[in-house]
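Residue numbers (our numbering): 78 to 622.
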């Protein structure tokens, strides 16, 4: 590995240029993580086909280029090992190091494509432009997926060659915590070390300079969002991130000086303000550093929260703000091990439209889509996750039209609890849900999904025992709601999605009188007044026709 001075010197030419920021024109952005192209069964990739091709890249772009889509993002790997033309970390040299260091033969379909002369960023950009979309790259700043075998036994398999870099292996002192840790800090590099962040700075600048046809870049700070020692003050964290972002902005502005074309700089950050410290996120400081847009995300699952939108808008009035929606609104473990061994509740049309309508109402400029391809078969536990559906591409166009959403989006709101435990004795849990009442604010329905300990780990297709789910008291904004007979289906709207909702008999329903729902934060309390055994609240939803 070349010394740190190589990466530091690659930045010197861009640090002195001026900064600027503009709001992008897009109302909808689609993120393509690249790995879905082979991991998912799709019209352009049959199950078991492990050959990465140009046509598969193009197919993944075309299917997402729906009316209203303004831009698409490509995530070229984890950004430890470049999936682009790189002189800093040439792919041939990296594979040779991996082979010699671990004694394992590299086995990555994406690498075979790249080493055979393919260029996924260039192909992606070309196909986006053919379909009228701007092309962006999402650069993962500190992704720690598959790093856990990089420093010991067992050795990483050949398919992990794209994640385990020489720089990472040779600098264990940059990791934030020793093994084991359950929050990724035993794998994440600390950006308190200038050398650690210089590696990523140089790669990002190289990526920008190599592909002038890109409309810009997004820096993804959520894969994974731990960059600093717990004791580091917030102002120091912000200073480090601002310095990093100024270098990215300068590299983009350098291209503009050459051809007069403005390039956008975005960041993927948490939608939850209490997590902003993890990434040193200060909306005003980042905007002043040249960031054009903030992609506010609730990580893997779509959650109904708008506090981050409101606060970011307050602090950075002129910034572009996008609210992220993913393929799932909740996941839960099925007892296995691995990254994808879970069941998941799919994001429905109603949830998607309600989330987007709420985001616009609270100040967002647009909607972004993340992991959207994963409605399809992927990962482990396929027998539990099935049946699958195709991604709801046909339901995306309204997301780009705030006015249309205001007229069509249902008043459907939810809060995932992922098995909030209620013991056999009395317990009360308090929640807040941001809602917009339907026109007229008429009667509505609140439903609780409550499961026994045994049902928590069962597939929803297993036979359901007839049990007493107990008596529950539910209050909305201080008003006690009366129990009622709910719908006899697990999901209360017609849908092509047939899995992830559990069983209709596991839901308890309560009447919401007209006029009870407020525009804004609504207080909900749930009490297990009398239950025959410990129960678990997995999901709470409000439905207003």
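Glycine included, C-beta positions come from ideal geometry on N, C-alpha and C.
Alpha-carbon spacing of residue i relative to residue j, whole angstroms
| i | j | result |
| --- | --- | --- |
| residue 590 | residue 511 | 18 Å |
| residue 446 | residue 609 | 42 Å |
| residue 459 | residue 126 | 17 Å |
| residue 553 | residue 601 | 5 Å |
| residue 243 | residue 229 | 14 Å |
| residue 349 | residue 375 | 7 Å |
| residue 337 | residue 324 | 19 Å |
| residue 245 | residue 401 | 30 Å |
| residue 104 | residue 123 | 32 Å |
| residue 320 | residue 598 | 36 Å |
| residue 562 | residue 516 | 24 Å |
| residue 514 | residue 506 | 23 Å |
| residue 154 | residue 408 | 24 Å |
| residue 272 | residue 205 | 35 Å |
| residue 450 | residue 583 | 29 Å |
| residue 339 | residue 497 | 48 Å |
| residue 252 | residue 358 | 21 Å |
| residue 579 | residue 356 | 36 Å |
| residue 216 | residue 109 | 12 Å |
| residue 437 | residue 474 | 15 Å |
| residue 493 | residue 567 | 15 Å |
| residue 199 | residue 472 | 29 Å |
| residue 540 | residue 412 | 18 Å |
| residue 543 | residue 425 | 28 Å |
| residue 525 | residue 476 | 28 Å |
| residue 101 | residue 441 | 12 Å |
Beta-bridge partners of residue i, as assigned by DSSP
| i | result |
| --- | --- |
| residue 107 | 149 and 446 |
| residue 196 | Answer is none; residue 196 lacks a bridge partner. |
| residue 617 | 492 and 525 |
| residue 308 | Looking at the DSSP assignment, residue 308 forms no beta bridge with any residue, so it has no partner. |
| residue 441 | According to DSSP, residue 441 bridges with nothing at all. |
| residue 239 | Note: residue 239 sits in no beta bridge, so no partner. |
| residue 451 | Its beta-bridge partners do not exist; DSSP assigns none. |
| residue 254 | Bridge partners of residue 254: none, in fact. |
| residue 211 | 148 |
| residue 303 | Beta-bridge pairing links residue 303 to no other residue. |
Local Cβ density within 10 Å of residue i, reported as buried at 16 or more and exposed below that
| i | result |
| --- | --- |
| residue 557 | exposed |
| residue 372 | buried |
| residue 21 | Shown here, the chain extends from 78 to 622; a query on residue 21 therefore has no answer. |
| residue 284 | buried |
| residue 214 | buried |
| residue 37 | Not covered by the structure: residue 37. The range shown for the chain is 78 to 622. |
| residue 535 | buried |
| residue 391 | exposed |
| residue 351 | exposed |
| residue 342 | buried |
| residue 531 | exposed |
| residue 312 | exposed |
| residue 559 | exposed |
| residue 420 | buried |
| residue 158 | buried |
| residue 538 | exposed |
| residue 335 | exposed |
| residue 394 | exposed |
| residue 382 | buried |
| residue 113 | buried |
Other residues of its chain near residue i: CB distance less than 7 Å, five sequence neighbours each side excluded
| i | result |
| --- | --- |
| residue 605 | 499, 503, 504, 547, 549 and 612 |
| residue 196 | 162 |
| residue 210 | 142, 146, 147, 148 and 149 |
| residue 569 | 620 |
| residue 174 | 243 |
| residue 427 | 487, 489 and 570 |
| residue 593 | 553, 554 and 556 |
| residue 176 | 182 and 183 |
| residue 201 | 134, 138, 151 and 212 |
Contacting residues, own chain, Cβ-Cβ under 6 Å from residue i (five flanking each side not counted)
| i | result |
| --- | --- |
| residue 366 | 319, 322 and 323 |
| residue 448 | 403 and 404 |
| residue 221 | 261, 264, 265 and 301 |
| residue 95 | Here residue 95 scores only 41 on pLDDT, less than 50, and its place in the model should not be relied on; the value that follows carries that caveat. Excluding positions up to five away in sequence, the list is empty. |
| residue 289 | 332 |
Same chain only: Cβ atoms within 8 Å of residue i, ignoring 5 sequence neighbours per side
| i | result |
| --- | --- |
| residue 249 | 228 |
Ordered list of alpha helix (DSSP H) runs contained in the segment 527-569, each at least 4 residues: 530-533
Alpha helix (DSSP H) runs contained entirely in the segment 321-388, provided each spans 4 or more residues: 353-356 and 360-365
Length-filtered (3 minimum) beta strand (DSSP E) runs lying within the segment 576-605: 584-589
3-residue-minimum beta strand (DSSP E) runs that sit fully inside the segment 466-521, ordered along the chain: 488-499 and 505-512
Length at least 3, wholly inside the segment 393-418: the beta strand (DSSP E) runs in chain order: 397-403 and 405-410
Complete runs of the alpha helix (DSSP H) confined to the segment 113-172 [at least 4 residues]: 113-116 and 131-139
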